[in-house]
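Each residue of the sequence shown is one higher than the one before, counting from 37 in the working numbering.
The beta carbon of each residue, even a glycine, is placed where N, CA and C say it ideally should be.
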Amino acid sequence: MRYLEAGSGRPMLLLHAFPLSAEQWLPQLSRVPSGWRIIAPDLRGFRGTGPAFDDPGVEGATMEAYASDVLALMDHLDVERAVIGGLSMGGYVAFALLGLAASRVAGLILANTRASADSPEGRVNRDRMAALVLKEGPAALAREMLPKLLGETTRREQPDLVHVIDHLIRLNAAEALAAALLAMRDRPDSTPMLPTIACPTTVITGDEDTAVPPAESEAMHRLIPQSHFVVLPKVGHLSNLEPRGDLWKNAATAWISI
Ligand code: MLT
């Protein structure tokens, strides 16, 4: 398993969104607050690392399998407990990890993610996207997804970031992306888990997130007992990457405030 790491102190594992990779967390890895150690793994198959869920095992990917890999990485690094942060698909993996080993989660950051399962229409769309990426490759997926991943302000004001995200998506293998799409299609509803979450939790969204609208994040926050809620202005779905200038200050505060 490939992972990026920076800082030393209390461990925080950051789990990337679909269809990105550990590089998504470079802004956080380059500004680690004192006293923290940030570890950002690639989920299985992303960036071509480790065995993908290879054909016909593409069907075998699950959020639990990704979470088991993360727990194995924690074992490998002698990390008994960590703050687990997940953005979007990373959040789905965080829910799976909580289900497998809640005692190893010291705190939670749930960014731009949802607890509910896919709707019937959403599941059909996952099949369409998986077929698209297997037929036409990651570039086709990037074309479809970019407008939803980045907020309107970012797309207008940070064209370089649009290119970086496009590049990161293209570095992934089509099979790994298809596997993840099917795993997201089949993930369970984690909503019943929300009132049982016992660790400090921060729920983060961006006010321009159209993939997981802020109202949905707020509803999730209301169901988690010890949670607080942060809305980042002029930011879309990739809320850890999009803030710049003064916004970084607010984002950094949000990310370490649990
Ligand atoms: C993500 O950003 O990880 C994806 O938008 C999640 C999803 O498609 O459900």
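In this chain, F131 is not harboured by any beta strand (DSSP E); it is covered by the alpha helix (DSSP H) spanning M125 to A137.
If the five residues before and after I75 are omitted, its C-beta is found closer than 8 Å to the C-beta atoms of Y39, L40, E41, P47, M48, L49, L50, L109, L113, V115 and A118, all from its own chain and listed in chain order. In the DSSP assignment, R162 falls within the unbroken alpha helix (DSSP H) covering P156 to E172.
For the 8 Å CB-CB criterion, T149 and L123 form a contact.
DSSP places L204 inside the alpha helix (DSSP H), whose first and last residues are P195 to R206.
Taking all protein chains shown into account, T190 has 16 or more neighbouring C-beta atoms within 10 Å of its C-beta and is therefore buried.
In this structure, the CA atom of H273 is about 15 Å from the CA atom of V200. Counting the other CB atoms within 10 Å of its CB gives V248 a total of 16 or more, which places it among the buried residues. Below 8 Å, too few C-beta pairs join the region 173–181 and the region 227–240 to call them touching: fewer than three. Between L146 and M256, the C-beta spacing is below 8 Å. The beta carbon of A151 sits closer than 6 Å to the beta carbons of S226, T227, L230 and M256 from its chain, once the five residues preceding and following it are set aside; these are given in chain order. Cβ-Cβ distances below 8 Å link L107 to L133, L136, A137 and R140 in the same chain, with the five nearest sequence neighbours on each side left out; the list follows chain order.
Relative to the ligand MLT, even the nearest heavy atom lies 7 Å or more away from the CB of F265. For the pair G71 and G96, the CB atoms are not nearer than the 8 Å cut-off. With respect to P174, P55 sits close: the two C-beta atoms are nearer than 8 Å. DSSP, reduced to helix, strand and coil, places M110 within a helical segment of the structure shown. Around the beta carbon of S155, fewer than 16 other beta carbons sit within 10 angstroms, so the residue counts as exposed. At a cut-off of 7 Å, the beta-carbon of F54 counts as near the ligand MLT: some heavy atom of the ligand is closer than that. CA-to-CA, the gap between V271 and V198 works out to about 13 Å. One thing to note: G126 has its Cβ within 8 Å of the Cβ of H52. D243 sits close to P269, with the two beta carbons spaced by under 8 Å. Secondary structure of A219 (DSSP, three-state): helix. Here L207 really is in contact with S57; their C-beta atoms are around 7 Å apart, less than 8 Å.
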